[in-house]
Structures are given as structure tokens and as C-alpha cells.
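Remarks on the structure that follows.
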Amino acid sequence: LRTFILVSVGACLMMMLSLEMEKIHRHLAVDQSVVRLDPARIASYAIASMGFLGAGAIITGKGSVRGLTTAAGLWLVTGLGLAIGAGYLLPALFAAGISIIILYVLRLIKKVFAHDLFTMLTLKYHGVEDPLDQIRQILKQHRIGIQFINYTLEPPSNLMTYRLRLQSKDTIIFKQVIHSLSETEGLQEVDFQEGEVP
Numbered sequence: 001l002r003t004f005i006l007v008s009v010g011a012c013l014m015m016m017l018s019l020e021m022e023k024i025h026r027h028l029a030v031d032q033s034v035v036r037l038d039p040a041r042i043a044s045y046a047i048a049s050m051g052f053l054g055a056g057a058i059i060t061g062k063g064s065v066r067g068l069t070t071a072a073g074l075w076l077v078t079g080l081g082l083a084i085g086a087g088y089l090l091p092a093l094f095a096a097g098i099s100i101i102i103l104y105v106l107r108l109i110k111k112v113f114a115h116d117l118f119t120m121l122t123l124k125y126h127g128v129e130d131p132l133d134q135i136r137q138i139l140k141q142h143r144i145g146i147q148f149i150n151y152t153l154e155p156p157s158n159l160m161t162y163r164l165r166l167q168s169k170d171t172i173i174f175k176q177v178i179h180s181l182s183e184t185e186g187l188q189e190v191d192f193q194e195g196e197v198p
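So the sequence shown is numbered by our numbering: it starts at 1 and just counts up by one.
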């Protein structure tokens, strides 16, 4: 929210500055001078710069993309700030109201329809021959699919590390899954990471 407010206020200031620059230099004979006044120039750079800020808000993971709504929100509040700075208060308020309603309604719809969630699970075992079958069984009970498994063995300490990429619905409560896995014999460490970024 703080980012949105700062972006909107900054865009409003840029638009007001653009309009004031034209008033300040209006006395110049622009038809006979190299000076060219364009009130939309600063505003256009404000919109273009949002591409960089929005790109920083987007996180691309293996099978998932996050931050698109945040990036779109930054672009929107830039437009709202520019509109308010130009004096178009009512259109800006209308656009803000429509956007808030859309975000709220879509959040309710999203809760009804579950979507896929990709996670990385790292398990470290010591003193156990092959806990993989037990791991598969626990994940199957919680309706979690395994996309791939990476296995590492450290001979000196006989420590086995399993890295599993999981696919599940976002309604799954992973605290229960981790609790079930923690009861398996020889488990030393559990690491759970959601939406891993390569």
C-alpha cells in the first residue's frame, strides 16, 4: 500500500509539474524558437518508468508467476496520479472504485476455485536405508503429487538429502504435511519453500 501511495503521489506531482512548465514558458515564441513545449512528455516518462518498477515486482518461479497484480496495480496508480495531477479527479475516483471492486470480487472467486501450487521440499535423513516409500505414502495421503526427486548422499556422515518438487492445490495445509513427515524415522531436517525462483 505504501508503494502504491508513493507512486501515485509522485505521478501526480509529475503531471502538475508538466502543466506548470508549459505555463512558465508560455511567453516564449515557440513557433520561432528551438524550444518545444509538450505537457505530456514528463507524464509519458512516468508511465514508461513503471515498466521497470513493475518488472521488479514480478517473480517468476518454476511453474508459477507472482506479482502480476502488484505490477498492474503500480501501473494503475501511476495513471490515477497523472489524472489527478491533470485535474481529472472524478474519472480517477471512478477508476479507483472500479479497480477496488474488481480486486475484491476476484479474490472471492479465487477462494472458490483452487489452483495449482508448486513447492520445493527438502528432507534430510540419517541412519535410515530408504525412507522414500514412506515419504511417497504420506504425500499421497495428502493428495500431493511429486514432479521430480533429487537425491544426495554424503558418505562421511551417511546423511541423505531428498529434494522434491511438489504439485498440489493451494487449499493444502502444509503444516499438517510437515507434521506427518516429522514423525518418520531418522528425519533430521525439513525445509519447505514455496514458489522457488531459479
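Quick reminder that beta carbons are idealized off the backbone N, C-alpha and C, glycines included.
Residues that residue i bridges to, as DSSP identifies them
{"i": "Y88", "result": "Paired residue(s): none; Y88 is not in a bridge."}
{"i": "V190", "result": "L123"}
{"i": "I149", "result": "L164"}
{"i": "D116", "result": "K169"}
{"i": "L159", "result": "H126, E154"}
{"i": "R66", "result": "I59"}
Where the alpha helix (DSSP H) through residue i begins and ends
{"i": "I202", "result": "Residue 202 cannot be examined here, being either before or after the span of the chain that is shown, 1 to 198."}
{"i": "T3", "result": "2 to 24"}
Boundaries (first-last residue) of the beta strand (DSSP E) holding residue i
{"i": "R143", "result": "First-last for R143: undefined, no H or E at that position."}
With 16 other Cβ atoms within 10 Å as the buried cut-off, status of residue i
{"i": "I100", "result": "exposed"}
{"i": "A55", "result": "exposed"}
{"i": "I144", "result": "buried"}
{"i": "P198", "result": "Residue placement at P198 is poorly supported in this model, since its pLDDT is 43, which falls under 50; the coordinates still yield a value, given next. So P198 counts as exposed."}
{"i": "T69", "result": "exposed"}
{"i": "A83", "result": "buried"}
Checklist entry - Is the segment 124 to 142 touching the segment 174 to 188, taking contact as three or more C-beta pairs under 8 Å? => result They touch, by the three-pair rule.
Checklist entry - Three or more beta-carbon pairs under 8 Å between the segment 45 to 57 and the segment 71 to 82, yes or no? => result Touching, yes.
Next on the checklist: Could you check whether the segment 141 to 158 touches the segment 105 to 115, counting it as contact only if at least three pairs of C-beta atoms, one from each stretch, sit closer than 8 Å?
Outcome noted: The segment 141 to 158 is not in contact with the segment 105 to 115.
Next on the checklist: Whether or not the segment 90 to 99 and the segment 15 to 25 are in contact is what I'm after, with contact meaning three or more pairs of Cβ atoms, one per stretch, closer than 8 Å; do they touch?
Outcome noted: The segment 15 to 25 and the segment 90 to 99 do not touch, with fewer than 3 CB-CB distances between them shorter than 8 Å.
Checklist entry - So, do the segment 135 to 142 and the segment 169 to 181 have three or more beta carbon pairs nearer to each other than 8 Å? => result Counting Cβ pairs under 8 Å, three or more are found: they touch.
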